[in-house]
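Working notes for the structure below.
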Amino acid sequence: MTGNITFTMIKPSAFEAGYTGNILALIEQGGYKIKAMKKICLSKAEAGLFYEMHFGKPFYEELTSFMSSGPIVAAVLEKENAVEAFRKFIGATDPSKAEKGTIRNLYGKNLGENAVHGSDSDESAEREATFFFSLIERS
Ligand code: DAT
Ligand code: MG
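Residue numbers (this note's numbering): -6 to 132.
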């Protein structure tokens, strides 16, 4: 059985470019319910902890610097089969390879600055939602 919750972030480049409203509109039109949401600035250490599974990879430094370079919008989303559906909805990690009409295709700049995050499993979704939100914020 698959879960109905995923976690997303609008990344600093997309937030800075003023795409937050458009991206949230697409998400809602895509049938996702916003269960929790906040705008927040991550410190480099917090970004490092969020992306700890990538520690040691060549892009870790660039990734954590970028993700702490400005505000992000974090949200918990609900839809049937949310994790898989949302990964498809946002498109491939590299915006130049993302299917036309996906969020990363529309709003991503490059491989690093790819507009949005999407959880890769139900376990990740739960970890990531818990990283940003308390139970009462998700109710
Ligand atoms: P995704 O965000 O599609 O789950 P990921 O978990 O493999 O991709 O990587 C996390 C983020 O790190 C990704 O959204 C963008 C960045 N990234 C991944 N591979 C990269 C690379 N080779 N160079 C620069 N940034 C990279
Ligand atoms: Mg990932």
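Note that CB positions come from ideal geometry on N, CA and C, so glycine has one too. As the structure is a computational prediction, the values presented were derived from the model and not from experiment.
For Ile27, which residues does DSSP report across the bridge? Here residue 27 refers to the residue found at position 34 when the sequence shown is read from its first residue. Note: Ile27 sits in a beta bridge opposite Leu70.
May I have the straight-line CA-CA distance separating Ile16 from Asp87, to the nearest angstrom? Along the sequence shown, one-based indexing puts residue 16 at 23. Along the sequence shown, one-based indexing puts residue 87 at 94. When rounded, the distance between both Cα atoms is 17 Å.
Is it right to say Ser58 is buried, meaning 16 or more other beta carbons lie within 10 angstroms of its own, or is it exposed? Residue 58 sits at position 65 when you count from the first residue of the sequence shown. Answer is exposed; the Cβ neighbour count stays below 16.
Same chain, Cβ closer than 7 Å to Asn103, five either side skipped, listed in chain order: Locating residue 103 in the sequence shown gives position 110, counting from the first residue. The residues are Pro88.
How big is the Cα-Cα spacing for Lys26 and Val76? To locate residue 26, count along the sequence shown from 1; it is residue 33. To locate residue 76, count along the sequence shown from 1; it is residue 83. Taking the straight line joining both Cα atoms gives about 13 Å.
Does the ligand MG have even one heavy atom less than 7 Å from the beta-carbon of Asp113? Position 120 of the sequence shown, counting from 1, holds the residue named residue 113. Yes; taking the cut-off as 7 Å, the Cβ of Asp113 has a heavy atom of the ligand MG nearer than that.
Buried or exposed for Gly24, going by 16 or more other Cβ atoms inside 10 Å? Walking along the sequence shown from the start, residue 24 turns up at place 31. Gly24 is exposed by the Cβ-count criterion.
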